[in-house]
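Asks: Before I ask anything, let me first share the structure, which is written out below as structure tokens.
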Amino acid sequence: MKKFLLSKRVDVDSIVFLSTFLNIDRRNQFDLLIVDDVTGISSVDDYFIREYVEDIRISKKIIISMKKMFKDKVLYEMNEDLSLFKEPRSIQTKINLNEDMPHVVFEFLKWFMLNKTKVILITKDDKSCFNVSKYMRKYSLLFPKIKKIYMYNEFKSFNDFVNRINDGYYIYLTTSEYLLELYNFIVDNPMYNNFNIIVFFACSSKFNYKSLLTICGMCKFLTNRKNEIIFVSNYENIEIIMAKVISRSYNKKLWESGVRKY
């Protein structure tokens, strides 16, 4: 945000930038409060944001969020380029994802690789990531291309993807802990856009609706509208449902307004 304002020759000396809500000095007199809850990956609870904004004594407040935070307030829904939001597929299974994956996911993987598109597979933590990689390699006996797996603990940063992409790797396994690094990599490297994203254990507490929507939003930078975002879980929790509803309702408004077509 600060770089953007400087590029527009805005005097930023009178603007205070804070990374957390707790750092604000309430003794200062501010004319405007802007809360940005969409840039990067937010872990701040909606209830905390509402409570904080209502409590602070500033006459003008702007909240940039993924859903409506307050009733009876003016709401502006926007997207800088009015592009459709990538709606996720959701697959539920009774299978323990630490031990195996549903057949439909294997079919998706085969389809992606036959079409020469790669997969970023995100799990909830290190242990689950290792478990998935273990049985994923067994599937390489049925489909040799699955053998080309690149584990998150084998690279120092997502920039190492570049070398592995050139080496023909197809599946990139990572965890929820690296979501921000993944997001920054995709934003900064739009030339590497031939990815699909699959989230295993999507109903885990490691993911909230904000992080799931951010993953969907990565497709804006992937540029290829044929890319898929797939959530795989044992059940659809409220976070998955909210991510689906918010992405669908936003696209519906664009369709109904005539800005975008089906």
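So the number in the working numbering is just where the residue sits in the sequence shown, counting from 1, plus 1350.
For each residue, glycine too, the CB sits at the ideal point set by N, CA and C.
Please read all numbers here as calculations on a predicted model, not as lab measurements.
Across the stretch 1437 to 1452 and the stretch 1590 to 1604, are there enough close Cβ pairs to call them in contact, namely three or more that are closer than 8 Å?
Replies: Flag = yes, the stretch 1437 to 1452 and the stretch 1590 to 1604 touch.
Asks: How far does the beta strand (DSSP E) with Ile1496 in it reach, from first residue to last?
Replies: Your numbering for residue 1496 matches position 146 in the sequence shown. That residue, Ile1496, is in no beta strand (DSSP E); it is neither H nor E in DSSP.
Asks: Identify every residue that forms a DSSP beta bridge with Phe1550.
Replies: By 1-based counting over the sequence shown, the position of residue 1550 is 200. Answer is Val1582, bridged to Phe1550.
Asks: Between the stretch 1460 to 1478 and the stretch 1593 to 1606, do at least 3 Cβ pairs fall closer than 8 Å?
Replies: With the cut-off at 8 Å, the stretch 1460 to 1478 and the stretch 1593 to 1606 do not touch.
Asks: On the three-pair Cβ rule with 8 Å, is the stretch 1579 to 1588 touching the stretch 1530 to 1550?
Replies: The answer is yes - the stretch 1530 to 1550 touches the stretch 1579 to 1588, with three or more Cβ pairs under 8 Å.
Asks: Cα-Cα, which of Gln1379, Asp1387, Leu1383 and Ser1392 is closest to Phe1557?
Replies: Position 207 of the sequence shown, counting from 1, holds the residue named residue 1557. The option with the nearest alpha carbon to Phe1557 is Ser1392.
Asks: Specify the secondary structure class of Asp1405 as computed by DSSP and reduced to three states.
Replies: Locating residue 1405 in the sequence shown gives position 55, where the first residue counts as 1. Correct three-state label for Asp1405: helix.
Asks: What number of angstroms, rounded off, separates the C-alpha of Asp1387 from the C-alpha of Val1394?
Replies: Indexing the sequence shown from 1 puts residue 1387 at position 37. Indexing the sequence shown from 1 puts residue 1394 at position 44. If you take the alpha carbons of Asp1387 and Val1394, they lie about 8 Å apart.
Asks: With DSSP collapsed to three states, give me the class of Val1385.
Replies: Your numbering for residue 1385 matches position 35 in the sequence shown. DSSP places Val1385 in strand when its eight states are reduced to three.
Asks: Quick one: what's got a C-beta closer than 8 Å to Lys1553's C-beta in the same chain, skipping five residues either side?
Replies: Residue 1553 sits at position 203 when you count from the first residue of the sequence shown. Lys is not the amino acid found at residue 1553; the sequence shown has Cys there. The answer, listed in chain order, is Ser1583, Asn1584, Tyr1585, Glu1586, Asn1587, Glu1589 and Ile1590.
Asks: Contact defined as beta carbons within less than 8 Å: I believe Ser1483 pairs with Leu1523. What is the distance between those atoms, to the nearest angstrom?
Replies: Here the question's residue 1483 lines up with position 133 in the sequence shown. Here the question's residue 1523 lines up with position 173 in the sequence shown. Ser1483 to Leu1523, Cβ: 5 Å. Contact.
Asks: According to DSSP, which residues form a beta bridge with Gln1442?
Replies: Residue mapping note: residue 1442 aligns to position 92 of the sequence shown, counting from 1. Beta-bridge pairing links Gln1442 to Ser1583.
Asks: What separation, rounded to the nearest whole angstrom, lies between the Cα atoms of Ser1415 and Tyr1559?
Replies: The residue given as residue 1415 occupies position 65 in the sequence shown. The residue given as residue 1559 occupies position 209 in the sequence shown. Going by the C-alpha atoms only, they are around 12 Å apart.
Asks: Within the same chain, show all residues whose beta-carbon is closer than 6 Å to that of Ser1409, passing over the 5 residues directly before and after it, in chain order.
Replies: As a first step, residue 1409 is located in the sequence shown; it is residue number 59 there, counting from the start. No residues qualify anywhere along the chain.
Asks: Between which two residues does the beta strand (DSSP E) carrying Leu1410 extend?
Replies: Counting from 1 along the sequence shown, the entry for residue 1410 is found at position 60. Inspection of the sequence shows that residue 1410 is occupied by Lys rather than by Leu. Lys1410 -> beta strand (DSSP E) spans Lys1410 to Ile1414.
Asks: Leaving aside the five residues before and after Leu1492 along the sequence, list all residues of the same chain whose C-beta is less than 6 Å from its C-beta, in chain order.
Replies: Counting from one through the sequence shown, the residue named residue 1492 turns up at place 142. Excluding sequence neighbours, Leu1492 sits near nothing in its chain.
Asks: Looking at Ile1496 and Tyr1489, is the spacing between their C-beta atoms short of 8 Å?
Replies: The residue given as residue 1489 occupies position 139 in the sequence shown. The residue given as residue 1496 occupies position 146 in the sequence shown. Taking 8 Å as the Cβ cut-off, Tyr1489 and Ile1496 qualify as a contacting pair.
Asks: CA-CA distance, Val1469 and Ser1364?
Replies: Numbered from its first residue, the sequence shown carries residue 1469 at position 119. Numbered from its first residue, the sequence shown carries residue 1364 at position 14. Spanning the two alpha carbons is a distance of roughly 45 Å.
Asks: What does the Cβ neighbour count give for Val1455, buried or exposed, with the cut at 16 atoms within 10 Å?
Replies: Against the sequence shown, residue 1455 aligns to sequence position 105. So Val1455 ends up on the buried side.
Asks: Just mark Lys1474 as buried or exposed, buried being the case when its beta carbon has 16 or more other beta carbons within 10 Å.
Replies: Here residue 1474 refers to the residue found at position 124 when the sequence shown is read from its first residue. Lys1474 comes out buried.
Asks: Just to confirm, are Ile1413 and Met1419 a CB contact at a threshold of 8 Å?
Replies: Taking the sequence shown and counting its residues from 1, the one referred to as residue 1413 is at position 63. Taking the sequence shown and counting its residues from 1, the one referred to as residue 1419 is at position 69. Yes.
Asks: I'd like to know whether the C-beta atoms of Leu1383 and Ile1406 end up nearer to each other than 8 Å.
Replies: Stepping through the sequence shown from its first residue, residue 1383 is reached at position 33. Stepping through the sequence shown from its first residue, residue 1406 is reached at position 56. Going by C-beta atoms, Leu1383 is nearer than 8 Å to Ile1406.
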